[in-house]
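> The following block contains the structure, expressed as structure tokens.
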């Protein structure tokens with residue numbers, strides 16, 4: 005059995021994701037696919053448009069064999085934490101042979117060269133980074149400049165780089181940036197997982213135009229928020245996904261950041277020190293303190309804090325980390341302990357219980373399928389991480405109930421998504437693993 009890992013959000017799942025999954029198996033020769041997927045909140049600092057269990061089911065119906073949840077502290081973290089958390093899960097499963105990710109450039113050699121610099125942070129890099137930050141650039145732009153300057157100064161990989169524009173392109177595209185972080189995580193975690201890169205097909209990441217059959221997740225989310233004509237999406241998603249989207253529309257989705265406005269205002273009003281959370285800076289916290297008596301929507305708070313120094317995504321992520329109670333101390337402790345200490349199952353194909361058994365035998369991480377049993381074997385630090393996942397899910401459930409009047413089961417009652425050979429959903433039963441292992 006050869007297994008390829010994919011790190012994803014599927015927010016929502018579309019034809020480009022199906023293409024990626026198909027090509028990942030072909031490129032690597034894998035016969036099984038494990039996906040580590042963001043839960044109810046995603047890396048840009050926003051809620052997922054659709055419930056994580058439904059998104060897991062779309063992945064299973066389109067080629068995945070096992071879908072695991074990326075803990076909330078990483079799914080709503082910086083690109084570095086997002087990648088380190090996801091790679092940690094894949095690495096500790098003990099069965100993943102390859103990691104396949106999409107990027108705009110698909111130039112693995114250049115991406116690896118950049119990742120090596122990030123993993124060792126030479127003096128030329130840190131000096132350039134600090135200089136750019138002092139000049140008022142945001143962190144992403146400053147780091148991009150520092151990487152390019154370092155590569156040019158050290159003449160790394162110049163034989164394969166025709167000009168600086170290739171480097172600039174590599175550092176300016178979202179999937180390239182994540183790809184570099186995946187490669188860095190593989191290096192810093194001494195992983196034996198082999199990386200593969202697939203050129204991103206279809207629209208650009210941020211494109212919001214619906215055109216043809218390969219449209220971006222951003223375009224699909226924008227459409228879901230502005231129209232009830234789901235038929236417009238039909239050409240952009242696999243048939244299995246469209247059926248689920250049609251079935252659940254207006255019942256549990258679409259969910260947006262604005263659905264968390266009331267919760268965010270209460271959080272900011274009651275929190276004495278927002279600067280302790282995630283990416284929140286003292287400057288952001290001071291501005292919040294001065295303005296917290298004036299209630300705003302989620303986007304209103306983002307607009308207030310969005311400056312040249314802080315990107316809109318950085319601000320949104322900081323606000324969401326505050327709402328989810330994810331502190332810098334938490335992140336530092338998770339990092340020092342190896343990032344993750346469990347793998348939470350969202351769904352799997354029943355015919356691939358051999359994959360679950362292989363993880364049980366070869367893995368260095370417990371699989372969780374029954375939440376009630378988790379505290380029996382998780383160390384306190386990982387219990388805390390799991391409790392943050394539960395808190396995140398509860399806030400998401402509250403948003404769904406407030407907007408649609410639908411009460412989703414809590415994390416202790418929600419059934420895993422299990423598909424049989426006929427691709428029919430089944431209730432949880434004997435999956436071949438003992439209680440203490442899951």
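Numbering (this note's numbering), first residue to last: 5 to 442.
We put the beta carbon where it would ideally sit given N, CA and C, even for glycine.
(1) Could you tell me the distance, in whole angstroms, from the CA atom of residue 59 to the CA atom of residue 268?
(2) Using the beta-carbon count (16 or more within 10 Å), is residue 30 buried or exposed?
(3) Cα-Cα, which of 128, 203, 381 and 288 is closest to residue 345?
(4) Thinking C-alpha only, which one of 22, 43 and 103 is nearest residue 64?
(5) Decide if the stretch 417-433 is in contact with the stretch 270-278; the criterion is three or more beta carbon pairs, one per stretch, under 8 Å apart.
(6) Helix or strand or just coil, what does DSSP make of residue 14?
(7) Would you say residue 8 and residue 110 are within 7 Å of each other, going by their C-beta atoms?
(8) Given this structure, state the Cα-to-Cα distance separating residue 78 from residue 89, to the nearest angstrom.
(9) Can you round the beta-carbon distance between residue 186 and residue 91 to whole angstroms, since I take them to be within the 8 Å contact cut?
(10) What residue range is occupied by the uninterrupted beta strand (DSSP E) comprising residue 73?
(11) How big is the Cα-Cα spacing for residue 87 and residue 410?
(12) Compare the beta carbon distance of residue 108 and residue 204 with 7 Å and say whether it is the shorter of the two.
(13) Out of 362, 403, 393 and 399, state which residue places its alpha-carbon closest to the alpha-carbon of residue 5.
(14) Assign residue 339 to one of three DSSP states: helix, strand, or coil.
(15) Which two residues bound the contiguous alpha helix (DSSP H) that contains residue 3?
(16) Quick one: complete beta strand (DSSP E) runs, 3+ long, within the stretch 87-154?
(17) Does DSSP put residue 233 in a helix, in a strand, or in coil?
(18) Just how far apart, CA to CA, sit residue 76 and residue 320?
(19) Can you confirm whether the stretch 215-232 touches the stretch 254-261 when touching is taken to mean that 3 or more C-beta pairs between the two stretches lie within less than 8 Å?
(20) Taking the straight line between their C-alpha atoms, what separation do you get for residue 150 and residue 292?
(21) Between the Cα of residue 408 and the Cα atoms of 54, 36 and 359, which residue gives the shortest distance?
(22) Applying the criterion that 16 or more other CB atoms from any shown protein chain within 10 Å of the CB defines a buried residue, is residue 255 buried or exposed?
(23) Would you mind stating whether residue 234 and residue 250 have Cβ atoms separated by less than 7 Å?
(24) What are the complete alpha helix (DSSP H) segments, minimum 4 residues, inside the stretch 335-389?
(25) Hey, residue 15 and residue 46 are a contact pair by Cβ (cut 8 Å); roughly how many whole angstroms apart?
(26) Identify every residue that forms a DSSP beta bridge with residue 51.
(27) Kindly indicate which residue of 398, 283, 281 and 93 has the alpha-carbon position closest to the one of residue 369.
(28) If you draw a straight line from the C-alpha of residue 198 to the C-alpha of residue 103, how long is it?
(29) Out of 350, 44 and 138, which one is the CA nearest neighbour of residue 404?
(30) Just mark residue 341 as buried or exposed, buried being the case when its beta carbon has 16 or more other beta carbons within 10 Å.
From the atom records:
(1) 25 Å
(2) exposed
(3) 381
(4) 22
(5) no
(6) coil
(7) no
(8) 6 Å
(9) 6 Å
(10) 70-74
(11) 33 Å
(12) yes
(13) 362
(14) helix
(15) There is no way to answer for residue 3, as the model of the chain reaches only from 5 to 442.
(16) 102-107
(17) coil
(18) 15 Å
(19) yes
(20) 31 Å
(21) 54
(22) exposed
(23) yes
(24) 357-366
(25) 6 Å
(26) 45
(27) 93
(28) 6 Å
(29) 44
(30) exposed
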